[in-house]
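Enquirer: I have a structure here, written as structure tokens, and I will follow up with some questions on it.
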Amino acid sequence: MDLACLREELEQFAEALSREKYLTRAGLKDESRTADIRDRYASLASRSLFDDVWGKARGASGNDEARRLRFLAEFLGTNWIEYQVREPSDRLTTTEARQTIAVDGERVPFRSAEVRIKNEADRSRRAALESARLSVIGELNGLRREILERSHAEAQRLGFAGYTALCRELSGIDHVALRELTRPILPRTLEMYRDLLAWYLKRRVGVELKEARRHDLARLFRAPEFDGSLPPGALREAAEAPLRRMGIDPSAAGRIRVDDEPRPKKTPRAFVATPRIPDEVILVVRPGGGPDDYAAFLHELGHALHFAHTDPRLPVEDRRLGDASVSEAFAFLMDGLLREPGWLRRFVGLAQPADLLRFNAFHKLWFLRRYTAKLEYELILHEDGPTPRSADLYRDLLAAATLVDWPRELSLADLDPFLYAARYLRAWIFEAQLRELLRERFDEEWYRNDRTGPFLLALWQRGQRHPIEELARELGTGPLSLEPLLAQLTAALN
Numbered sequence: 383m384d385l386a387c388l389r390e391e392l393e394q395f396a397e398a399l400s401r402e403k404y405l406t407r408a409g410l411k412d413e414s415r416t417a418d419i420r421d422r423y424a425s426l427a428s429r430s431l432f433d434d435v436w437g438k439a440r441g442a443s444g445n446d447e448a449r450r451l452r453f454l455a456e457f458l459g460t461n462w463i464e465y466q467v468r469e470p471s472d473r474l475t476t477t478e479a480r481q482t483i484a485v486d487g488e489r490v491p492f493r494s495a496e497v498r499i500k501n502e503a504d505r506s507r508r509a510a511l512e513s514a515r516l517s518v519i520g521e522l523n524g525l526r527r528e529i530l531e532r533s534h535a536e537a538q539r540l541g542f543a544g545y546t547a548l549c550r551e552l553s554g555i556d557h558v559a560l561r562e563l564t565r566p567i568l569p570r571t572l573e574m575y576r577d578l579l580a581w582y583l584k585r586r587v588g589v590e591l592k593e594a595r596r597h598d599l600a601r602l603f604r605a606p607e608f609d610g611s612l613p614p615g616a617l618r619e620a621a622e623a624p625l626r627r628m629g630i631d632p633s634a635a636g637r638i639r640v641d642d643e644p645r646p647k648k649t650p651r652a653f654v655a656t657p658r659i660p661d662e663v664i665l666v667v668r669p670g671g672g673p674d675d676y677a678a679f680l681h682e683l684g685h686a687l688h689f690a691h692t693d694p695r696l697p698v699e700d701r702r703l704g705d706a707s708v709s710e711a712f713a714f715l716m717d718g719l720l721r722e723p724g725w726l727r728r729f730v731g732l733a734q735p736a737d738l739l740r741f742n743a744f745h746k747l748w749f750l751r752r753y754t755a756k757l758e759y760e761l762i763l764h765e766d767g768p769t770p771r772s773a774d775l776y777r778d779l780l781a782a783a784t785l786v787d788w789p790r791e792l793s794l795a796d797l798d799p800f801l802y803a804a805r806y807l808r809a810w811i812f813e814a815q816l817r818e819l820l821r822e823r824f825d826e827e828w829y830r831n832d833r834t835g836p837f838l839l840a841l842w843q844r845g846q847r848h849p850i851e852e853l854a855r856e857l858g859t860g861p862l863s864l865e866p867l868l869a870q871l872t873a874a875l876n
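Letter 158 of the sequence shown, counting from 1, is numbered 540 in our numbering, and no numbers are missing.
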């Protein structure tokens with residue numbers, strides 16, 4: 383095994399794959415050709431290469447080279463699985479891009495449906511859009527089931543007890559321990575969440591809690607009542623001004639490009655494409671209006687800033703691989719500006735931001751409860767496999783967490799690969815601890831302190847070379863704990 387050649391090929395593969403995913407997800411092309419790219423770099427999906435690197439990683443001592451070997455092993459193991467399911471994955475992406483739904487005689491691109499649902503004030507029409515969207519999702523669940531079942535089988539072919547074992551051993555994340563850590567979120571926040579949800583649904587959407595459906599939540603979190611406070615034209619300046627105050631270039635000397643064109647076939651889920659880290663980073667958002675636009679842009683800006691300021695001298699393992707929870711934490715730190723009263727007053731221009739602050743904190747609590755339930759569900763799904771019972775379990779767990787009727791059709795669509803829900807939960811927990819640290823070191827309004835910039839830049843320059851636990855120990859924030867996160871949310875909601 384020649385590590386230098388492996389790193390060079392990995393870099394080329396990642397660039398090609400990132401460009402292709404950007405084009406299809408950004409609505410610039412219909413047909414996904416990632417399978418062709420995976421075929422071109424089939425040497426990276428070699429069983430013998432994985433066995434070689436994984437064996438060396440397990441036998442290495444705890445130094446930088448050992449850590450990088452583990453990062454490489456995780457990439458090679460997950461890439462092996464993605465290579466085996468490359469063709470159905472391409473079919474799924476291409477079908478989603480080309481699919482339309484029919485509502486009242488109008489054809490709507492499938493990827494536009496969620497944006498239409500959020501912006502539809504009429505409940506009956508919103509329900510019709512939701513029904514049509516779920517029908518398409520249900521039709522595609524056969525492909526999703528095929529991908530998942532083959533992924534489970536390939537994890538065992540690689541020598542692991544199962545898919546969850548592969549994720550745990552390659553990432554080093556103890557998902558069961560994380561589930562136990564996060565389980566108390568649901569009972570500890572239930573009363574507060576239920577009361578606020580009932581209040582918001584009744585006053586903002588005109589729906590009683592007992593009658594609420596998922597599409598009502600989509601409308602609630604669209605929050606058109608805040609459109610006047612959060613105009614689209616002010617978003618970029620509000621996001622970038624505090625960065626300049628901290629001494630951070632928002633464009634990273636031109637390395638960050640923003641794609642905010644509202645194309646019909648653009649995926650509604652914002653993302654960052656990273657063809658070349660740190661030299662070319664593309665922030666992709668689909669404007670839909672309201673606080674969601676601000677949150678999505680700020681979140682992806684956090685990712686983009688992290689990747690675009692990563693030290694180019696780092697090996698590819700530290701720039702592209704590693705613990706993705708780290709970048710998610712930086713992304714949450716940026717979208718957390720929506721819960722900073724000083725930012726809303728100084729940079730958005732809201733004299734009385736209390737209502738928006740509370741709503742944004744409530745939205746975060748909803749996310750936190752939802753992902754706590756998702757992790758619970760996904761651990762069971764990956765042990766038992768996709769069955770009608772698992773779809774019912776998904777519906778029941780998500781309904782119990784969100785307190786609204788939840789569609790079982792989403793049981794396979796609402797699934798990120800390799801237990802990525804765990805990365806979000808770890809990131810939320812660490813971000814709350816990091817925010818406390820920033821307030822202690824750089825004052826309550828840390829986001830306009832010129833001493834904060836060098837501190838964040840120094841963290842970003844490391845890429846993802848240190849897992850979140852190592853960063854927490856180094857920064858002195860202690861082990862991952864729910865207390866700062868729940869304390870911050872409770873304070874904002876009370």
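No residue lacks a Cβ here, since even glycine has one placed at the ideal position from N, Cα and C.
Give the range of the alpha helix (DSSP H) segment to which E627 is assigned.
Expert: Residue numbering aside, residue 627 sits at position 245 when the sequence shown is read from its first letter. In the sequence as displayed, the identity of residue 627 is Arg instead of Glu. Looking at the DSSP string, the run of the alpha helix (DSSP H) that includes R627 is L617 to R627.
Enquirer: Expressed to the nearest angstrom, what Euclidean distance is found between the alpha-carbon atoms of C387 and P644?
Expert: By 1-based counting over the sequence shown, the position of residue 387 is 5. By 1-based counting over the sequence shown, the position of residue 644 is 262. C-alpha separation (whole angstroms): 40 Å.
Enquirer: What's the gap between the Cα of A547 and the Cα of G554?
Expert: On the sequence shown, position 165 is the one that residue 547 refers to. On the sequence shown, position 172 is the one that residue 554 refers to. Taking the straight line joining both Cα atoms gives about 10 Å.
Enquirer: With DSSP collapsed to three states, give me the class of D787.
Expert: Sequence index remark: in the sequence shown, residue 787 carries index 405 (1-based). Reduced to three states, the DSSP call for D787 is strand.
Enquirer: Between the region 831-849 and the region 740-749, do three or more beta carbon pairs fall short of 8 Å?
Expert: no
Enquirer: Which of helix, strand or coil does DSSP assign to H594?
Expert: The residue you call residue 594 lines up with position 212 of the sequence shown. At residue 594 the sequence reads Ala, which differs from the His that was named. A594: coil per DSSP, three-state reduction.
Enquirer: Sort out for me which residues DSSP pairs F653 with in a bridge.
Expert: On the sequence shown, residue 653 is found 271 positions in, with the first residue counted as 1. Looking at the DSSP assignment, F653 forms a beta bridge with V666.
Enquirer: From which residue to which residue does the alpha helix (DSSP H) around D717 run?
Expert: Against the sequence shown, residue 717 aligns to sequence position 335. First-last of the alpha helix (DSSP H) with D717: A706 to D717.
Enquirer: Check E488 in the structure and name its three-state DSSP category.
Expert: Taking the first residue of the sequence shown as position 1, residue 488 is located at position 106. Of the three classes helix, strand and coil, the one that applies to E488 here is strand, per DSSP.
Enquirer: Inspect the beta-carbon positions of E682 and Y806 and report whether they are closer than 9 Å.
Expert: As a working mapping, residue 682 is identified with position 300 in the sequence shown. As a working mapping, residue 806 is identified with position 424 in the sequence shown. No, the Cβ-Cβ distance between E682 and Y806 is not below 9 Å.
Enquirer: Residue range of the alpha helix (DSSP H) that I638 falls in?
Expert: Numbered from its first residue, the sequence shown carries residue 638 at position 256. I638 -> not in any alpha helix (DSSP H); beta strand (DSSP E) instead, spanning I638 to D641.
Enquirer: Looking only at its own chain, which residues have a Cβ that is under 6 Å from the Cβ of N901, when we skip the five neighbours before and after it?
Expert: Shown here, the chain extends from 383 to 876; a query on residue 901 therefore has no answer.
Enquirer: Pick helix, strand or coil for R658, following the three-state DSSP scheme.
Expert: For the purposes of this step, residue 658 is identified with residue 276 of the sequence shown, where counting begins at 1. R658 falls in the strand class under three-state DSSP.
Enquirer: Starting from the N-terminal side, write out each stretch of the alpha helix (DSSP H) that is 4 residues or longer and does not extend beyond the region 790-829.
Expert: Segments of the alpha helix (DSSP H) lying fully in the region 790-829: 803-824.
Enquirer: For T482, write down the residues that DSSP places opposite it in a beta bridge.
Expert: Within the sequence shown, residue 482 is the residue found at index 100, counting from 1. Answer is P491, bridged to T482.
Enquirer: Looking at G845: is its Cβ nearer than 9 Å to the Cβ of D661?
Expert: Counted from its first residue, the sequence shown places residue 845 at position 463. Counted from its first residue, the sequence shown places residue 661 at position 279. In this structure, D661 does not lie closer than 9 Å to G845 by Cβ.
Enquirer: Under the assumption that L820 contacts T859 (Cβ atoms under 8 Å), give the Cβ distance between them as a whole number of angstroms.
Expert: Sequence index remark: in the sequence shown, residue 820 carries index 438 (1-based). Sequence index remark: in the sequence shown, residue 859 carries index 477 (1-based). The pair is not a contact, with the Cβ atoms about 11 Å apart (cut-off 8 Å).
Enquirer: Under the assumption that F744 contacts L583 (Cβ atoms under 8 Å), give the Cβ distance between them as a whole number of angstroms.
Expert: Taking the sequence shown and counting its residues from 1, the one referred to as residue 744 is at position 362. Taking the sequence shown and counting its residues from 1, the one referred to as residue 583 is at position 201. About 11 Å; that fails the 8 Å criterion.
Enquirer: Below 6 Å CB to CB, which residues in the same chain sit around K647 once its five sequence neighbours on both sides are set aside?
Expert: In the sequence shown, counting from the first residue as 1, residue 647 sits at position 265. Contacts found: G409, A479, P491 and R493.
Enquirer: Which value, in whole angstroms, describes the spacing of the CA atoms of R771 and A634?
Expert: By one-based count along the sequence shown, residue 771 stands at place 389. By one-based count along the sequence shown, residue 634 stands at place 252. The straight-line gap from Cα to Cα measures roughly 48 Å.
Enquirer: Pop quiz: F812 and I850 are said to be a contact at Cβ under 8 Å. What is the actual Cβ separation, rounded to whole angstroms?
Expert: Residue 812 sits at position 430 when you count from the first residue of the sequence shown. Residue 850 sits at position 468 when you count from the first residue of the sequence shown. The beta carbons of F812 and I850 sit about 5 Å from each other, so the pair counts as a contact at 8 Å.
Enquirer: Using the three-state DSSP reduction, which class does K584 fall into: helix, strand or coil?
Expert: In the sequence shown, the residue the question calls residue 584 occupies position 202. K584: helix per DSSP, three-state reduction.
Enquirer: Output needed for A804: all residues of its chain with C-beta closer than 7 Å, excluding positions within five of it in sequence on either side, in chain order.
Expert: Position 422 of the sequence shown, counted from the first residue, corresponds to residue 804. Answer for A804: I555, H557, L560 and L757, listed in chain order.
Enquirer: Taking Cβ to Cβ, would you say L720 is nearer than 9 Å to L680?
Expert: On the sequence shown, residue 720 is found 338 positions in, with the first residue counted as 1. On the sequence shown, residue 680 is found 298 positions in, with the first residue counted as 1. Result yes, Cβ atoms of L720 and L680 sit closer than 9 Å.
Enquirer: Pairing CB atoms from the region 444-464 with CB atoms from the region 696-704, are three or more of them under 8 Å?
Expert: yes
Enquirer: For R618, which of I664, L750 and D675 has the nearest alpha-carbon?
Expert: Along the sequence shown, one-based indexing puts residue 618 at 236. Ranking I664, L750 and D675 by Cα distance to R618 puts D675 first.
Enquirer: So, with DSSP's three-state summary, where would you put Y423?
Expert: Taking the sequence shown and counting its residues from 1, the one referred to as residue 423 is at position 41. If DSSP states are grouped into helix, strand and coil, Y423 belongs with coil.
Enquirer: Please state if the CB of L591 and the CB of V786 are separated by a distance shorter than 9 Å.
Expert: Numbered from 1 along the sequence shown, position 404 holds the residue referred to as residue 786. Numbered from 1 along the sequence shown, position 209 holds the residue referred to as residue 591. Against a cut-off of 9 Å, the Cβ pair of L591 and V786 comes out as a contact.
Enquirer: Mark P861 as exposed unless 16 or more other C-beta atoms lie within 10 angstroms of its C-beta, in which case mark it buried.
Expert: Working through the sequence shown from its first residue, we reach residue 861 at position 479. Exposed.
Enquirer: Is R570 buried or exposed, if buried means 16 or more other CB atoms sit within 10 Å of its CB?
Expert: As a working note, residue 570 is residue 188 in the sequence shown. It counts as exposed.
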